[in-house]
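Okay, structure first, notes after.
Chains as they are written, first to last, in this note's numbering: chain A, 1 to 203; chain B, 1001 to 1119.
Written out as structure tokens, the structure reads:
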């Protein structure tokens, strides 16, 4: 069945159903609000419009609204940035930063800082956890070449600095790194571009 | 004839100005979504796809610059009326001052080009 033979109500419902699908993942209450608002827009707009030849008012109104995919992606992108800024989930924060990294240089710097911060934090925690299992290979050593942290083959001239203390220190400092990186990225995400400022040009 | 660079430039301009334009429409009082769109359509060239205005309204609401309130209407569909919060009013004024300053300078800068065109 093509668009021209369908009833206006059907066209509206199919448009809103597509949009609902696009909004999947947003809070249920927000989705209902968006759909209620657009349903009102479509109804009121169609009632006021003079129809062109070959198209019903509803078709015109839906065309002027834009594709549900585009509207949905604008809502989703904003909701994602807002959630990442409000939350403390490293996975969500790094995911949002990655999207941003593909767009601007500042985003790329933020993503790099994020990956470094989380990786350093995670390896410190890992050192702390692994020390009891591989006591000879994990530690913070000082040797003639400098300070070495992490897993290494024992060397004759190296002196281990922390001993068993590496477990509480490693875990503590590692967690502090992860928290610090999270706070830094949350702050940096303020400068992420707002997707909903994107307005399409006529085709 | 339109060229692609001009289209891109225009799209960038539009997205930059939409926030301040929406806040400006609400300066005199509360409006619902379609009224905001109608205002923007008669008084600016900012809106191309009408549906893109609604996500901006949601974001401005989330940022605490505007607030929305559902009300029943005689049309049979509830409307969400938006109005500026006090944070929104001061942001709108600051944006207006910046915009005015910015635009006057650009305007002065491009005046010679416009004169060149008509002579």
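Even glycine gets a Cβ: it sits at the ideal position worked out from N, Cα and C.
In the DSSP assignment, residue 164(A) falls outside any alpha helix (DSSP H) and carries neither an H nor an E.
In the displayed model, residue 1009(B) falls within a helix according to three-state DSSP. By the Cβ neighbour-count rule, residue 132(A) is exposed, with fewer than 16 other Cβ atoms within 10 Å of its own. Between residue 1066(B) and residue 1082(B), the gap from beta carbon to beta carbon is short of 7 Å. When DSSP reads this structure, residue 141(A) sits in a beta bridge with 148(A) and 160(A). When only Cα atoms are considered, residue 85(A) and residue 1114(B) end up about 45 Å apart.
By the neighbour-count definition (other C-beta atoms within 10 Å, threshold 16), residue 1098(B) is an exposed residue. Between residue 177(A) and residue 128(A), the gap from beta carbon to beta carbon reaches 7 Å or more. Secondary structure of residue 1030(B) (DSSP, three-state): coil. Of all C-beta pairs linking the stretch 35–47 of chain A to the stretch 1032–1044 of chain B, three or more are shorter than 8 Å, placing the two stretches in contact.
Rounded to the nearest whole angstrom, the C-alpha separation of residue 1111(B) and residue 76(A) is 42 Å.
Residue contact with chain B for residue 78(A): present (Cβ-Cβ distance below 7 Å to some residue of chain B).
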